[in-house]
């Protein structure tokens, strides 16, 4: 019973919804159950199957990451109907993911190279042993374990109550487009991680103990500067930087200290948490929902259990509520009079937001199912 009470307290303190009927809380818990999340993912993937020829790299990347989560789930003991459903869903993801093979016939630009190499569920495959959801050694089945709530409340108070929220939002709007890395820099630096064509060593502080025959990383000065942890970034610039460190960790270069990379991810997620708290404090304005989803996914994926806010069921409840009846997520900039916007797959489906949604639904289903 304790996990359910903690969910109740967390949702009440975060969403400010007041006292609700017990049936309402049970509805929230039901909507966040792994099977419910997988059904949502299935609806999303069906849209991709129906629009196979029009899929973009943003959407394909999200499907590839979700597919990796499904493969991890299939390694676990499952009920037979559940296993059959996940296997069917994974096959659909395999089909959607295959679209990348014909998207770039002769990749040359950094974006094409990165897309070709990252849109691969094998790259995003999960280790057999996954860290607990929020750092506990025991995870009650069917529940959402929570870290001590006083820490989350204290951090939220420091960010929103002790400061002027309106001033914070005004400052955030000014800062969000400043800094780096830019989208182009992000693609170029990721390509350096993936294709090893740069010349200067990056963070050659010693070996990671992986083995003498492992590959070594060299990184250009431009990318070293763009991805520096000493330079503050905001918004998508900050999440792009975190993605760089996530990919860096998965490459396991011989000359890169893994503890440095892990500490870097944690530092970036601490900065992202300040922004995510601000967005949540303003009740998730449409303008920031796509960014908020990216923030939650990347930091939850990074397994930093000491930042349990990113696995907060209140935040996930808000996000799944943004999935529309078509199975997609729609970014406010793609709103129009029944027309397809510049970043839309259909009139109901924004490609980037839906791609992040796919990855997020798969991840949170896995975090509950993988023991």
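Residue numbers (our numbering): 15 to 385.
We put the CB at the ideal spot given by N, CA and C, even for glycine.
Considering only residues of the same chain and omitting the five flanking positions on each side of residue i, which have a CB-CB separation below 6 Å?
i	result
residue 56	103
residue 358	348, 364
residue 199	240
residue 52	379
residue 201	124, 125, 128
Would you mind reading off the limits of the alpha helix (DSSP H) that contains residue i?
i	result
residue 325	Counting along the chain, residue 325 falls outside any alpha helix (DSSP H), and DSSP gives it neither H nor E.
residue 70	Counting along the chain, residue 70 falls outside any alpha helix (DSSP H), and DSSP gives it neither H nor E.
residue 206	197-209
residue 125	124-132
residue 265	249-265
residue 243	That residue, residue 243, is in no alpha helix (DSSP H); it is neither H nor E in DSSP.
residue 347	Taken as a continuous stretch (DSSP letters only), residue 347 belongs to no alpha helix (DSSP H), as it is neither H nor E.
residue 98	94-111
residue 315	300-315
residue 184	179-189
residue 340	First-last for residue 340: undefined, no H or E at that position.
residue 116	114-117
Please classify residue i as buried or exposed, where buried requires at least 16 neighbouring CB atoms within 10 angstroms.
i	result
residue 404	Here the chain has residues from 15 to 385 only, and residue 404 is not among them.
residue 191	exposed
residue 67	exposed
residue 197	exposed
residue 335	exposed
residue 209	exposed
residue 365	buried
residue 235	exposed
residue 322	buried
residue 44	exposed
residue 264	exposed
At the level of alpha carbons, what is the spacing between residue i and residue j?
i	j	result
residue 82	residue 133	11 Å
residue 108	residue 361	25 Å
residue 297	residue 59	28 Å
residue 339	residue 41	18 Å
residue 87	residue 178	44 Å
residue 189	residue 248	6 Å
residue 238	residue 245	11 Å
residue 327	residue 382	12 Å
residue 139	residue 85	8 Å
residue 230	residue 242	19 Å
residue 273	residue 64	43 Å
residue 380	residue 48	7 Å
residue 294	residue 183	11 Å
residue 206	residue 290	29 Å
residue 77	residue 70	11 Å
residue 75	residue 324	21 Å
residue 73	residue 114	11 Å
residue 3	residue 95	Lying before the first or after the last residue shown, residue 3 is absent from the chain, which here runs from 15 to 385.
residue 186	residue 283	17 Å
residue 90	residue 384	6 Å
residue 111	residue 50	23 Å
residue 288	residue 260	20 Å
residue 99	residue 267	37 Å
residue 116	residue 341	25 Å
residue 61	residue 193	35 Å
Got a sec? Which residues, its chain only, sit under 8 Å from residue i by beta carbon, not counting five neighbours each side?
i	result
residue 136	82
residue 286	252, 253, 256, 309, 312, 313
residue 377	79, 80, 83, 311, 314, 315
residue 97	88
residue 174	Confidence is the limiting factor: at residue 174 the pLDDT is only 40, short of 50, which leaves the residue's position unreliable, though a coordinate-based value still follows. Excluding positions up to five away in sequence, the list reads 182, 291, 292, 295.
residue 101	88
residue 276	263
Ordered along the chain, which non-local residues of its own chain (more than five positions away) have a Cβ less than 7 Å from that of residue i?
i	result
residue 307	333, 367, 370, 371, 374
residue 337	54, 343, 371
residue 250	305
residue 4	Residue 4 falls outside the range modelled here, since the chain spans only 15 to 385, and no answer is possible.
residue 300	346
residue 203	195, 237, 240, 241, 258
residue 106	59, 63
residue 302	293
residue 278	243, 259
residue 224	For residue 224, the pLDDT reaches just 39, beneath the cut-off of 50, and the residue's location in the model is therefore unreliable, leaving the point undetermined.
residue 144	In this prediction, residue 144 has a pLDDT of 39, which is less than 50 and means its spatial position is unreliable; what the coordinates show is noted afterwards. Within the same chain, residue 144 has close Cβ partners 384.
When DSSP builds the beta bridges, which residues end up paired with residue i?
i	result
residue 461	Because the chain is modelled from 15 through 385, residue 461 falls outside the range shown and cannot be assessed.
Quick one: does residue i have its CB under 7 Å from some CB of chain C?
i	result
residue 262	Of the protein chains in this structure there is only one, and it is not chain C.
Under the criterion of a Cβ to heavy atom distance below 6 Å, does residue i qualify as lining the ligand FMN?
i	result
residue 348	No copy of the ligand FMN appears in this structure; indeed no ligand is present at all.
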